[in-house]
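Colleague: So that we are looking at the same thing, I have put the structure below in structure tokens.
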Amino acid sequence: MKVLQDVTEQTARNFFHDNQTLQLILEKTLDADFLDYANRELSVFGELCANEIDLRAKHTDREGEPRLKRYDKYGEEVSEVWVNDGYKKTIQETYDTGIVGYVHKEIPALGVKGNYTYSFAQGYLLSHAEPGFYCPVTLTMATAYLLDHYADESLKERFLTPVCSTGEGPLFEGATFLTERQGGSDVGANVVKAIKEGNNFRLYGEKYFASNAGMCGVAMVLARIEGASGGSKGLTLFAVPWRKENGEVNHLRVRRLKDKLGVRAVPSGEVEFDGAEAFVVGDPTRGFYYMMEALNLSRICNAVASIGIMRRALLEAKDYATRRNAFGKRLADFPMVRDTLSKLAATLHVEVATVFDLIGLYERVTAGEATEKEVILNRLYIAIMKKETAEQAIHFAHEAIEMHGGNGYIEDFVTPRLLRDAQVLTVWEGTANILGLELIRLVNKYSAHTVFTDVMQKRLQQITNNEQKQIVVIQLKLLTEELSKFAGLDADLQSFEAKKLAKKMAHVYESVVAIEWAVKHGGRYEKLAEVYLDEVWSLREIGDPMKTVQYFEEIV
Numbered sequence: 001m002k003v004l005q006d007v008t009e010q011t012a013r014n015f016f017h018d019n020q021t022l023q024l025i026l027e028k029t030l031d032a033d034f035l036d037y038a039n040r041e042l043s044v045f046g047e048l049c050a051n052e053i054d055l056r057a058k059h060t061d062r063e064g065e066p067r068l069k070r071y072d073k074y075g076e077e078v079s080e081v082w083v084n085d086g087y088k089k090t091i092q093e094t095y096d097t098g099i100v101g102y103v104h105k106e107i108p109a110l111g112v113k114g115n116y117t118y119s120f121a122q123g124y125l126l127s128h129a130e131p132g133f134y135c136p137v138t139l140t141m142a143t144a145y146l147l148d149h150y151a152d153e154s155l156k157e158r159f160l161t162p163v164c165s166t167g168e169g170p171l172f173e174g175a176t177f178l179t180e181r182q183g184g185s186d187v188g189a190n191v192v193k194a195i196k197e198g199n200n201f202r203l204y205g206e207k208y209f210a211s212n213a214g215m216c217g218v219a220m221v222l223a224r225i226e227g228a229s230g231g232s233k234g235l236t237l238f239a240v241p242w243r244k245e246n247g248e249v250n251h252l253r254v255r256r257l258k259d260k261l262g263v264r265a266v267p268s269g270e271v272e273f274d275g276a277e278a279f280v281v282g283d284p285t286r287g288f289y290y291m292m293e294a295l296n297l298s299r300i301c302n303a304v305a306s307i308g309i310m311r312r313a314l315l316e317a318k319d320y321a322t323r324r325n326a327f328g329k330r331l332a333d334f335p336m337v338r339d340t341l342s343k344l345a346a347t348l349h350v351e352v353a354t355v356f357d358l359i360g361l362y363e364r365v366t367a368g369e370a371t372e373k374e375v376i377l378n379r380l381y382i383a384i385m386k387k388e389t390a391e392q393a394i395h396f397a398h399e400a401i402e403m404h405g406g407n408g409y410i411e412d413f414v415t416p417r418l419l420r421d422a423q424v425l426t427v428w429e430g431t432a433n434i435l436g437l438e439l440i441r442l443v444n445k446y447s448a449h450t451v452f453t454d455v456m457q458k459r460l461q462q463i464t465n466n467e468q469k470q471i472v473v474i475q476l477k478l479l480t481e482e483l484s485k486f487a488g489l490d491a492d493l494q495s496f497e498a499k500k501l502a503k504k505m506a507h508v509y510e511s512v513v514a515i516e517w518a519v520k521h522g523g524r525y526e527k528l529a530e531v532y533l534d535e536v537w538s539l540r541e542i543g544d545p546m547k548t549v550q551y552f553e554e555i556v
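Encoded structure:
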């Protein structure tokens, strides 16, 4: 009876329904035909994620995680990775939605290509249930981006077509292999070498943290051609098929899979190349530059996974607080609980809106329609929002556990997995320290701080004067002064201050977006903005009205 009850409760859920912020974003972004299509498809996918995919994710995490099979029964090395049947089903159902493919090819029902906004909406829903699997999707998106933008036509035909499959042909998942033991985040220290053989190359060496190992059809790998210069400028991008055309493993092996804290759905391994056939992608001297473009795409995916975990944590906390009685009344009737849930709801709304605001700029950058300043701003937005959303995902998972009390620590509930899966998002695609270094580079090389403050100022000028706007005007003025000082500091002091300033920049950006939504949509969104601004700028004092309690019914 308990299992039946759990299934019944699951089937009543749909992660797209009542997702008001996302629905308004799509209304603003997509034309009428695309919007109708997206609403239908996301409703179907939202139900699938909330039910079957979610149940499979629990099984994969607890009992069915990937396992490495290094040898076949004849002792031949095969480096196969076993995944459970439910995980295979999730792979099929997710890629068939066009989450990767329709960014690069036409949607048959519409006769036009999809876009990143729609793909990231799908990724947001998927990450409510399975942020671990969104990692392979992310790697496949990055692989498709690199092939589409920089590969020659023969490589596109061989690799891009299966990478973009939506069920009409064989699927190649992708991977991006950067990390080596001696370098870690210092990619310029990489030593995997490429030796010329005929028209192509053979790779030798190892990649130490290779996600989607054994599952990908093709990996994008940085290696150094013999005789190339040292550092990052000497790296070339290669497309490396996992198997040769005859089906044999392409002279590579998975040494072992990593035993990770969370995101157990994705097989992360140590991969050794022993003469793997490899094909140059694009200009051999620009491999690092290409991979950094793919990394920025992956960082947006990371932020999307974070807001997915955030919303799932809020849904679980709200549901439990509504069901659970203590001291004679529901948890949700206690002011302190309403305060927590209201603050989470406000932060979630603002961060979802801001991430998709960033995605709108990213669309223009990838389409080649952005100005030089917008390209710089895009990199800056990605750095500060990747950092902020990842940290918030951990906070939201913590608050969901706190709301559940002792039950929140029990694996019968989803909350422990949310926390374990959230933790990696601060590490994947660049830690806070690495993102701090990105801020320093952008400020010192491109004066990104003045680009940022100018854009924030212009957006504020377009908003009707009100009390909320004045709060952000003041904070932007203070931040502008701090950033001006920051630009003149020596290297050590910049390194010391960078993370703190990145957080303030994220808060100013989010505050501007919050007020824009409040002015445009009014009602609930005015209250969400008010709660967000009070919280992030520490405006509430003891004895002030309990806005979070007063607004609870409307905003939560």
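All residue numbers for the sequence shown refer to full-length UniProt numbering, where the first residue is 1 and numbers rise by one.
All C-beta atoms in this analysis are idealised placements derived from N, C-alpha and C, irrespective of residue type, glycine included.
Here the structure is a predicted model, which is why all the values come from computation and not from measurement.
Which residues in the same chain have their Cβ closer than 7 Å to the Cβ of residue 136, if we skip the five residues on either side of it in sequence?
Modeller: 173, 212, 215 and 266
Colleague: Report back the beta-carbon spacing between residue 95 and residue 43 to the nearest angstrom; my notes put them in contact at under 8 Å.
Modeller: Incorrect: roughly 19 Å between the Cβ atoms, too far for contact.
Colleague: Assign residue 53 to buried or exposed, taking buried as 16 or more other Cβ atoms, counted over all protein chains shown, within 10 Å of its Cβ.
Modeller: Answer is buried; the Cβ neighbour count reaches 16.
Colleague: Report the three-state DSSP secondary structure of residue 151 (helix, strand or coil).
Modeller: Residue 151 carries a coil assignment under DSSP once its states are collapsed to helix, strand and coil.
Colleague: If you draw a straight line from the C-alpha of residue 127 to the C-alpha of residue 305, how long is it?
Modeller: 5 Å
Colleague: Suppose contacts are defined by Cβ-Cβ distances below 7 Å. Is residue 502 in contact with residue 387 by that definition?
Modeller: yes
Colleague: To the nearest angstrom, how far is the alpha carbon of residue 353 from that of residue 78?
Modeller: 45 Å
Colleague: Pair every Cβ in the region 481-494 with every Cβ in the region 437-446, then say whether three or more of these pairs are closer than 8 Å.
Modeller: yes
Colleague: Could you tell me the distance, in whole angstroms, from the CA atom of residue 200 to the CA atom of residue 80?
Modeller: 25 Å
Colleague: Do three or more CB pairs link the region 287-299 to the region 130-147 at distances below 8 Å?
Modeller: yes
Colleague: Would residue 471 and residue 533 be called neighbours here (beta carbons separated by less than 7 Å)?
Modeller: Taking 7 Å as the Cβ cut-off, residue 471 and residue 533 qualify as a contacting pair.
Colleague: Check whether the Cβ atoms of residue 50 and residue 15 lie closer than 7 Å to each other.
Modeller: Yes, these two residues count as a Cβ contact at 7 Å.
Colleague: Is the beta carbon of residue 427 less than 7 Å from the beta carbon of residue 464?
Modeller: no
Colleague: Measuring only the C-alpha atoms, how far is residue 521 from residue 528?
Modeller: 11 Å
Colleague: Runs of 4 residues minimum, wholly inside the region 24-52: which ones carry the alpha helix (DSSP H) assignment?
Modeller: 32-48
Colleague: Give the secondary structure of residue 428 by DSSP, where H, G and I count as helix, E and B as strand, and everything else as coil.
Modeller: coil
Colleague: Please say whether residue 232 and residue 288 have beta carbons closer to each other than 7 Å?
Modeller: yes
Colleague: Using a Cβ-Cβ cut-off of 7 Å (strictly less than) and excluding sequence neighbours within five positions of residue 97, which residues of its own chain qualify?
Modeller: Sequence-distant Cβ neighbours of residue 97 in its own chain, meaning closer than 7 Å and more than five residues away, are 41, 45 and 122.
Colleague: The beta strand (DSSP E) that contains residue 82, what's its start and end?
Modeller: Counting along the chain, the beta strand (DSSP E) containing residue 82 begins and ends at 77-82.
Colleague: Give a yes or no on contact between the region 383-398 and the region 493-512, applying the rule of three or more CB pairs nearer than 8 Å.
Modeller: yes
Colleague: Buried or exposed: which applies to residue 163, given that a residue is buried once 16 or more other Cβ atoms fall within 10 Å of its Cβ?
Modeller: buried
Colleague: Could I get the ranges of all uninterrupted alpha helix (DSSP H) runs contained in the region 472-522, with 4 residues as the minimum, in chain order?
Modeller: 491-521
Colleague: Which word fits residue 310, buried or exposed, when buried means at least 16 other C-beta atoms lie within 10 angstroms of its C-beta?
Modeller: With 16 or more Cβ atoms within 10 Å of its Cβ, residue 310 is classed as buried.
Colleague: Could you check if residue 371 is buried or exposed, using at least 16 other CB atoms within 10 Å of its CB as the buried criterion?
Modeller: exposed
Colleague: Assign residue 349 to buried or exposed, taking buried as 16 or more other Cβ atoms, counted over all protein chains shown, within 10 Å of its Cβ.
Modeller: By the 10 Å Cβ count, residue 349 comes out buried.
Colleague: What does the alpha-carbon distance come out to for the pair residue 552 and residue 322?
Modeller: 12 Å
Colleague: Who are the Cβ neighbours of residue 10 in its own chain at under 8 Å, not counting the five residues just before and after it?
Modeller: Because the pLDDT of residue 10 is 47, which lies under 50, any placement of that residue in the model is unreliable, and the question is left without a value.
Colleague: What's the C-alpha gap between residue 384 and residue 537?
Modeller: Residue 384 and residue 537: Cα-Cα distance of roughly 17 Å.
Colleague: Going along the chain, which unbroken runs of the alpha helix (DSSP H) with 4 or more residues stay wholly within the region 317-369?
Modeller: 335-366
Colleague: Please say whether residue 422 and residue 393 have beta carbons closer to each other than 7 Å?
Modeller: Cβ distance < 7 Å, so residue 393 and residue 422 count as in contact.
Colleague: Under a three-way DSSP split, which group does residue 279 fall into?
Modeller: It is a strand residue.
Colleague: Alpha helix (DSSP H) containing residue 209: first to last residue?
Modeller: Premise fails: residue 209 lies in the beta strand (DSSP E), 200-211, not in any alpha helix (DSSP H).
Colleague: Using a 10 Å radius around the Cβ and a threshold of 16 neighbouring Cβ atoms, would you call residue 71 buried or exposed?
Modeller: exposed
Colleague: Please report the Cβ distance between residue 314 and residue 346, rounded to the nearest whole angstrom; I am assuming they are in contact, meaning their Cβ atoms lie under 8 Å.
Modeller: Not really, about 10 Å apart at Cβ, beyond 8 Å.
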